[in-house]
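Residue numbers (this note's numbering), protein chains in the order written: chain A, 7 to 118; chain B, 786 to 899.
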């Protein structure tokens, strides 16, 4: 069964304290892996798409990487405004189309 | 350009009543998705449209839930005879196409069934 697991569930960092969020997946055929940021009371906001192992994408303090089993979202020198829930999703082929499977997210709190 | 919009933003209804939730996707996006998110939970897939057809309805929780999309644009999610367990945030997303394209989400409709 296709599955996506994110860890940790919650993470508290001091401002400037770098860390990584993990998204591990077990799927039969990966079309793409997506990272989103969700602020309270809002819909998820797209961050990155990764398609193949070894691929990396960067945006400001965030860097996403992908292997054949997992993806990491590295946060370098985070600021309080990076506090949010970070979701990963995989897109896999199914019955002639594609489906997205979301993880349950990592709630990040960055303290000033 | 305009993003995905949803209406209403909040809906309070009595148990047993029917509700309609609306989603207006980004212009030109052919794929449209509905999800449900309960407090502190992940996104639960409900249904997906490619154009006006729904190749995947597997996530609809019961036959009280239905959705349609007309003109390849606006979609309506209807919940009949609402129950308290239907209370959640209903999110709509659209993407340019399927197969490797990211989704763009609306702000959601918070549904409360009393």
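Backbone N, C-alpha and C fix where the C-beta goes; we use that ideal spot for every residue, glycine too.
> Do three or more CB pairs link the segment 884 to 894 of chain B to the segment 40 to 53 of chain A at distances below 8 Å?
Replying inline: Touching, yes.
> In terms of alpha-carbon separation, which member of B:880, B:793, B:868 and B:876 lies closest to residue 857 (chain B)?
Replying inline: In the second chain, residue 857 (chain B) corresponds to position 72, counting from 1. The option with the nearest alpha carbon to residue 857 (chain B) is B:880.
> Helix or strand or just coil, what does DSSP make of residue 809 (chain B)?
Replying inline: Locating residue 809 (chain B) in the second chain gives position 24, where the first residue counts as 1. It is a strand residue.
>> So with CB distances below 9 Å, who are the chain A contacts of residue 885 (chain B)?
In response: Taking the second chain and counting its residues from 1, the one referred to as residue 885 (chain B) is at position 100. Near residue 885 (chain B) (Cβ distances below 9 Å), the residues of chain A are 37, 38, 55, 57, 97 and 104.
> If we call anything under 8 Å between Cβ atoms a contact, is residue 827 (chain B) one with residue 111 (chain A)?
Replying inline: Sequence index remark: in the second chain, residue 827 (chain B) carries index 42 (1-based). Sequence index remark: in the first chain, residue 111 (chain A) carries index 105 (1-based). The beta carbons of residue 827 (chain B) and residue 111 (chain A) sit closer together than 8 Å.
> Which chain B residues sit within Cβ distance under 7 Å of residue 108 (chain A)?
Replying inline: Looking up residue 108 (chain A) in the first chain gives position 102. Within 7 Å Cβ-Cβ: 827 and 828.
>> Can you pull the chain A neighbours of residue 841 (chain B), defined as C-beta to C-beta under 7 Å?
In response: Taking the first residue of the second chain as 1, we reach residue 841 (chain B) at position 56. Neighbours of residue 841 (chain B) on chain A, chain order: 103 and 105.
> Does residue 46 (chain A) get closer than 8 Å to chain B when you measure Cβ to Cβ?
Replying inline: Working through the first chain from its first residue, we reach residue 46 (chain A) at position 40. Between residue 46 (chain A) and chain B, the shortest Cβ-Cβ separation is not below 8 Å.
> Name the chain A residues whose beta carbon is nearer than 7 Å to that of residue 889 (chain B)?
Replying inline: As a working note, residue 889 (chain B) is residue 104 in the second chain. The contact set of residue 889 (chain B) on chain A, defined by CB atoms closer than 7 Å, consists of 52 in chain order.
>> Quick check on residue 88 (chain A): does DSSP put it in helix, strand or coil?
In response: As a first step, residue 88 (chain A) must be located in the first chain, where it is residue number 82. Note: residue 88 (chain A) maps to helix in three-state DSSP.
>> Strictly by DSSP, which residues pair up with residue 56 (chain A)?
In response: Taking the first residue of the first chain as 1, we reach residue 56 (chain A) at position 50. Residue pairing by DSSP places residue 56 (chain A) opposite A:39 in a beta bridge.
>> Can you tell me where the beta strand (DSSP E) holding residue 820 (chain B) begins and where it ends?
In response: The residue you call residue 820 (chain B) lines up with position 35 of the second chain. If you look at residue 820 (chain B), you'll find it in the beta strand (DSSP E) that goes 816 to 822.
> At what residues does the beta strand (DSSP E) containing residue 854 (chain B) begin and finish?
Replying inline: Position 69 of the second chain, counting from 1, holds the residue named residue 854 (chain B). Where residue 854 (chain B) is concerned, the enclosing beta strand (DSSP E) starts and stops at 850 to 854.
>> Run through chain A and tell me which residues come within less than 9 Å of residue 845 (chain B), C-beta to C-beta.
In response: Translated into positions along the second chain, residue 845 (chain B) becomes position 60. Within 9 Å Cβ-Cβ: nothing; residue 845 (chain B) doesn't reach chain A, min ~14 Å.
> With distances taken from CA atoms, which of B:876, B:849 and B:883 is nearest residue 868 (chain B)?
Replying inline: Taking the first residue of the second chain as 1, we reach residue 868 (chain B) at position 83. Among B:876, B:849 and B:883, the Cα nearest to that of residue 868 (chain B) is on B:849.
> DSSP state of residue 871 (chain B), grouped into three classes?
Replying inline: Walking along the second chain from the start, residue 871 (chain B) turns up at place 86. Three-state DSSP puts residue 871 (chain B) in a helix.
>> Under 8 Å, with one C-beta from each stretch per pair, do the segment 52 to 62 of chain A and the segment 799 to 818 of chain B reach the 3-pair mark?
In response: Note that the segment 52 to 62 of chain A does not touch the segment 799 to 818 of chain B; fewer than 3 beta-carbon pairs, one per stretch, sit closer than 8 Å.
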